[in-house]
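Here is the structure we will look at.
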């Protein structure tokens, strides 16, 4: 999946260029400051190494300053599995309680991150969609290398399915069947499946 390119600059934006650089960056800085004070981490967009590094850094910093719970807001179409693994493992590593709130969509590697916390700490907003499926990857090169890549994908699929089976309580055989193709779920279906703990409509509901 490709990132959407920035839109072309308009002529009437010339005045904006004259503003001090610090002023342009101030809103983002203020938002980051308030998110840190609220102990909230945003994980949005395609999962890649840069996003994983940023999420891990914020989790480690928040765990350093306090043992109070952290809230992760997650909306992702998925992406790089190993980057998802990094965030999944770091959520477990930091040693502070983490509330996971899915919104928009929680798909593929995003679902792997979502199940890093116990089911009772997995929440979503009412219009969230969930997607489980098997990993995929482009293969190329000599036949021997293609064979190695194919074996690694099968090993990855078995590992991920075991994680989802443990997280949902579903038999591994059902996870294998369901992830053979795209398996979409509504919030209600995700609750029944064991993927989701509860639907929340507001921040206050997390304390309910």
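Residue numbers (the working numbering): 32 to 239.
A virtual CB, placed ideally from N, CA and C, is assigned to each residue, including glycine.
Since this is a predicted model, take the numbers as computed values, not measurements.
Practice task
Could you pull out every residue in the same chain whose Cβ sits closer than 6 Å to the Cβ of residue 111, ignoring the five residues on either side in sequence?
Solution key: The answer, listed in chain order, is 78 and 79.
Exercise for the section: Along the beta strand (DSSP E) that carries residue 105, what are the first and last residues, could you check? Expected result: Counting along the chain, the beta strand (DSSP E) containing residue 105 begins and ends at 101-107.
Problem - Span separating the alpha-carbon of residue 205 from that of residue 65 - result: Taking the straight line joining both Cα atoms gives about 42 Å.
Practice task
Return the chain-ordered list of same chain residues with a C-beta closer than 7 Å to the C-beta of residue 50, the five sequence neighbours on each side being excluded.
Solution key: Because the pLDDT of residue 50 is 47, which lies under 50, any placement of that residue in the model is unreliable, and the question is left without a value.
Problem - Whole-angstrom C-beta distance between residue 108 and residue 136, which should lie under 8 Å - result: Confirmed, Cβ separation roughly 6 Å.
Handout entry: residue 54 burial status per 10 Å Cβ neighbour count (16 or more: buried)
Key = Confidence is the limiting factor: at residue 54 the pLDDT is only 43, short of 50, which leaves the residue's position unreliable and the question unanswerable from this model.
Handout entry: Buried versus exposed call for residue 60 [16 or more other C-beta atoms within 10 Å across all chains shown]
Key = Exposed, by the Cβ-count rule.
Problem - Three-state secondary structure (DSSP) of residue 156 - result: DSSP places residue 156 in coil when its eight states are reduced to three.
Handout entry: Residue range of the unbroken beta strand (DSSP E) whose run includes residue 129
Key = Counting along the chain, the beta strand (DSSP E) containing residue 129 begins and ends at 129-138.
Problem - Where residue 35 sits in the DSSP three-state scheme - result: A caution first: residue 35 carries a pLDDT of 35, below 50, which makes its placement in the model too unreliable to give a value.
Practice task
Check whether the Cβ atoms of residue 90 and residue 62 lie closer than 9 Å to each other.
Solution key: Against a cut-off of 9 Å, the Cβ pair of residue 62 and residue 90 comes out as no contact.
Practice task
Would you kindly report the start and end of the unbroken alpha helix (DSSP H) that includes residue 90?
Solution key: Per DSSP, residue 90 belongs to the alpha helix (DSSP H) from 80-96.
Practice task
With a threshold of 16 other CB atoms inside 10 Å of the CB of residue 96, please say whether the residue is buried or exposed.
Solution key: That one is exposed.
Exercise for the section: Would you kindly check if the distance between the Cβ of residue 198 and the Cβ of residue 178 is under 9 Å? Expected result: No, they are not a contact pair.
Exercise for the section: Classify residue 75 as buried or exposed, calling it buried when 16 or more other Cβ atoms lie within 10 Å of its own Cβ. Expected result: An exposed status is given to residue 75, since fewer than 16 other beta-carbon atoms sit within 10 Å of its beta-carbon.
Practice task
Report yes or no: do three or more beta-carbon pairs, one from the segment 81-89 and one from the segment 111-123, lie closer than 8 Å?
Solution key: The segment 81-89, when compared against the segment 111-123, does touch it at the 8 Å Cβ threshold.
Exercise for the section: Using DSSP bridges, identify the partner residues of residue 178. Expected result: Beta-bridge partners assigned by DSSP to residue 178: none are found.
Practice task
Closer than 7 Å by C-beta to residue 125: which residues in its own chain qualify, once you throw out the five before and the five after it? Chain order, please.
Solution key: Hits under 7 Å: 90, 91 and 94.
Exercise for the section: Report the three-state DSSP secondary structure of residue 141 (helix, strand or coil). Expected result: Helix.
Handout entry: Residues sharing a beta bridge with residue 73, DSSP
Key = Looking at the DSSP output, residue 73 sits in a beta bridge with 104.
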